[in-house]
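Asks: This is the structure, below, for whatever I ask next.
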Amino acid sequence: MTRSFILALDIGTSSVRAALYDKSGDELSDGSVRIRSSLIRTADGGAEVDADEAFDQVTAAIDALLAKTERVSGEIGYVAQCAFWHSLVGVDAKGKPTTKVFSWADTRSRNYTEVLRKRFDESETHDRTGARFHSSFWPAKLLWLRKECPDVFAKTARWLAFSDYVALRLFGEAVTSVSMASGSGIFDQKLCDWDGKLLSYLKVKRANLPSIVAADTDTLRLSKKYAKRWPRLANARFYAAIGDGAADNIGSDCINKANAALMVGTSAAMRVAYTGAPPQKIPAGLWCYRIDRKRVIVGGALSDGGNLYAHLKHLFKLPHNTDELLAQRNPKDGLVVIPFFHGERSTGYDENARGAIIGMSADDDGIDVLRAAMEGVAFRLADIFEQLKKIAKIELIVASGGALRDSPVWTQIIADVLGRELTVNDARESSSRGAVLLALESIGNI
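What follows is the structure, encoded as structure tokens:
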């Protein structure tokens, strides 16, 4: 029998990964590639990337994977995708970018958060859209662009997530999933549709947004241009991308209220996913998005995670065996790091929050500061955990992410702060795996 595979695309802020999986949801050994990427930071709080350059990284990852696996016999029948939530890019009537791709970390729209809070009841909007008013979401960004970049706003025909832009280029249509739309902050989580109240205020029409797939099982086909470029994918069915956090929960087997996924990669998060309706009242420090039309995901996200670890390691010029040195150190009394170096999301959503190193003495070095920063992130995750317990009785916490995989010390610090044992996910790429498992469910294999 001819073997059949699923190609998984995982589009993140730090890399694009492509991998082949079999119909059992197992990744082929030596069947993956990774293209490194990074956001461009600007002095005024920008965190962006050029849309076409980022798209070229996606196609380069597919090129590299197909070349690497050209001798693997079998058909690639489906492509499953996940991508980073909350990105925003504008395109004109011809589909050409009118803006850079703004990531969740872009804070230039932070002054418009208060404008939104004065215009709307934030608590009521939060329960409806699952998102607080914050620069990481679309409403503040769209208001900022409309007010401060009116020419750009006027010539923009559509506002998309980056994964929607990828769809526009590959398939010829700007289409999005319920999952990706749900992380925009402009989506009604109960109706599974764009939020009319916010659209009206922002002067954005439904036609200015991507089309939401009519059914979660809908698939797309490559345009003639890309079918010619990738003959092995010419007949493949592509699923619209889901949010990377949603995919991580699925890949970590955290799809009920008893199991929570804890992830520390570039940023950090803790989430619970389950089948059913969104909470009637979402805890103030958390968000609520969707995996699909029948599953929701509730949690909190931190802007500081592995990025803070990397920043401090670079700042203090720490050696390659940093984790070994961390394991030999005890916490320093009075040395505290407030982990808001990249801003704050959960649980306070304070646009003005800043990081701080407090209580450092001449006896402390970079290892001491780094350990205190890791403890600071752990205590922020504990705040999310306390709010999650308001909606779920959590029995198991599954940890994943490159930062924890590379630092057993950090994993233990978080376990100590939470007062709970952590089960470390042995799947190196739980987000890719989650996108594949969701596709396999849709196909009917599982």
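Numbering (this note's numbering), first residue to last: 850 to 1295. Virtual Cβ for every residue (Gly too), placed ideally from N, Cα, C.
1. Do the region 1118 to 1132 and the region 958 to 965 meet, that is, are 3 or more Cβ pairs less than 8 Å apart?
2. Taking the beta strand (DSSP E) that Q930 falls in, what are its first and last residues?
3. Helix or strand or just coil, what does DSSP make of N1294?
4. What would DSSP say about I1206, mapped onto helix, strand or coil?
5. Helix or strand or just coil, what does DSSP make of Y1123?
6. Helix or strand or just coil, what does DSSP make of V1027?
7. Measure from the alpha carbon of N1179 to the alpha carbon of each residue in L1157, I1140 and A1221, then state which is nearest.
8. Which residue comes first and which comes last in the beta strand (DSSP E) that contains F1311?
9. Give me, in chain order, the residues of the same chain whose beta-carbon lies closer than 6 Å to that of G939; leave out the 5 immediate sequence neighbours on both sides.
10. If we cut at 8 Å on Cβ distances, does N1084 have a partner in chain B?
11. Are A909 and R866 touching if we call contact CB-CB under 8 Å?
12. Can you tell me the Cα-Cα spacing of A913 and L937, whole angstroms?
13. Return the CA-CA distance between G1134 and G1197, expressed in angstroms with no decimal places.
14. Give the list of continuous alpha helix (DSSP H) stretches no shorter than 4 residues that lie fully inside the region 1167 to 1197.
15. When you compare only the Cα positions, how much space is there between R1142 and M1209?
16. Give me the Cα-Cα distance between A1264 and S1256, rounded to the nearest whole angstrom.
17. Going by beta carbon distance, what residues of the same chain come within less than 6 Å of L1069, once the five residues before and after it are set aside?
18. Can you list, in chain order, the residues of its chain with a C-beta nearer than 8 Å to that of R995? Leave out the 5 residues immediately preceding and following it.
19. Within 10 angstroms of the Cβ of G1293, are there 16 or more other Cβ atoms? Answer buried if so, exposed if not.
20. I need the DSSP call for G1268, collapsed to helix, strand or coil.
21. Count the other CB atoms, across all protein chains shown, that sit within 10 Å of the CB of P1059; report buried if there are 16 or more and exposed otherwise.
22. Along the alpha helix (DSSP H) that carries R968, what are the first and last residues, could you check?
23. With DSSP as the reference, label A1010 as helix, strand or coil.
24. Mind checking whether G1100 and L1245 have CB atoms under 8 Å apart?
25. By alpha-carbon positions, which one of V1113, K1106 and L1111 ends up nearest to A1126?
26. What are the partner residues of V950, as DSSP defines its beta bridges?
27. Would you list the one or two residues that DSSP bridges to R957?
28. I need the DSSP call for A1222, collapsed to helix, strand or coil.
29. How is the alpha helix (DSSP H) around W987 delimited, first residue to last?
30. E897: which of D1182, W953, N1201 and K943 sits nearest, CA to CA?
31. Out of K945, G1148 and G1032, state which residue places its alpha-carbon closest to the alpha-carbon of I1104.
32. Find out if the Cβ-Cβ distance for the pair I1216, A1205 is shorter than 8 Å.
Replies: Let me lay it out:
1. no
2. The sequence position of residue 930 within the sequence shown is 81, counting from 1. Note, Q930: beta strand (DSSP E), E924 to A932.
3. In the sequence shown, residue 1294 corresponds to position 445, counting from 1. Residue state, collapsed to three classes: coil.
4. In the sequence shown, residue 1206 corresponds to position 357, counting from 1. I1206: strand per DSSP, three-state reduction.
5. Position 274 of the sequence shown, counting from 1, holds the residue named residue 1123. If DSSP states are grouped into helix, strand and coil, Y1123 belongs with the strands.
6. Residue 1027 sits at position 178 when you count from the first residue of the sequence shown. V1027: helix per DSSP, three-state reduction.
7. One-based indexing of the sequence shown puts residue 1179 at position 330. N1179 has its Cα closest to that of A1221, out of L1157, I1140 and A1221.
8. Given a span of 850 to 1295 for the chain in the structure shown, any question on residue 1311 remains unanswerable.
9. Residue numbering aside, residue 939 sits at position 90 when the sequence shown is read from its first letter. T947, T948, T1005 and W1008, listed in sequence order.
10. The structure shown contains no chain B, having only a single protein chain.
11. Residue mapping note: residue 909 aligns to position 60 of the sequence shown, counting from 1. Residue mapping note: residue 866 aligns to position 17 of the sequence shown, counting from 1. Going by C-beta atoms, A909 is not nearer than 8 Å to R866.
12. For the purposes of this step, residue 913 is taken as residue 64 along the sequence shown, with counting starting at 1. For the purposes of this step, residue 937 is taken as residue 88 along the sequence shown, with counting starting at 1. Distance between the alpha carbons of A913 and L937: 27 Å.
13. Sequence index remark: in the sequence shown, residue 1134 carries index 285 (1-based). Sequence index remark: in the sequence shown, residue 1197 carries index 348 (1-based). So the alpha carbons of these two residues sit roughly 6 Å apart.
14. 1171 to 1176
15. Residue numbering aside, residue 1142 sits at position 293 when the sequence shown is read from its first letter. Residue numbering aside, residue 1209 sits at position 360 when the sequence shown is read from its first letter. Distance between the alpha carbons of R1142 and M1209 is about 49 Å.
16. For this step, residue 1264 is matched to residue 415 along the sequence shown. For this step, residue 1256 is matched to residue 407 along the sequence shown. One C-alpha to the other measures close to 13 Å.
17. One-based indexing of the sequence shown puts residue 1069 at position 220. If we look at L1069 and ignore the five residues flanking it on each side, its Cβ neighbours are F1020 and F1087.
18. As a working mapping, residue 995 is identified with position 146 in the sequence shown. So the qualifying residues of the chain are F1002, L1051 and K1052.
19. Counted from its first residue, the sequence shown places residue 1293 at position 444. That one is exposed.
20. Taking the sequence shown and counting its residues from 1, the one referred to as residue 1268 is at position 419. Here G1268 sits in coil by DSSP.
21. Position 210 of the sequence shown, counted from the first residue, corresponds to residue 1059. Counting Cβ neighbours within 10 Å, P1059 comes out buried, since at least 16 surround it.
22. The sequence position of residue 968 within the sequence shown is 119, counting from 1. Looking at the DSSP string, the run of the alpha helix (DSSP H) that includes R968 is Y961 to R968.
23. Stepping through the sequence shown from its first residue, residue 1010 is reached at position 161. Correct three-state label for A1010: coil.
24. On the sequence shown, position 251 is the one that residue 1100 refers to. On the sequence shown, position 396 is the one that residue 1245 refers to. Going by C-beta atoms, G1100 is not nearer than 8 Å to L1245.
25. Numbered from 1 along the sequence shown, position 277 holds the residue referred to as residue 1126. Minimum Cα distance to A1126 is reached at K1106.
26. Position 101 of the sequence shown, counted from the first residue, corresponds to residue 950. V950 pairs with V898.
27. As a working note, residue 957 is residue 108 in the sequence shown. DSSP output for R957 lists no bridge partner at all.
28. Position 373 of the sequence shown, counting from 1, holds the residue named residue 1222. Correct three-state label for A1222: helix.
29. Indexing the sequence shown from 1 puts residue 987 at position 138. First-last of the alpha helix (DSSP H) with W987: W987 to E997.
30. Position 48 of the sequence shown, counting from 1, holds the residue named residue 897. Measuring from the Cα of E897, the nearest candidate turns out to be W953.
31. Translated into positions along the sequence shown, residue 1104 becomes position 255. Minimum Cα distance to I1104 is reached at G1148.
32. Residue 1216 sits at position 367 when you count from the first residue of the sequence shown. Residue 1205 sits at position 356 when you count from the first residue of the sequence shown. Cβ distance not < 8 Å, so I1216 and A1205 don't count as in contact.
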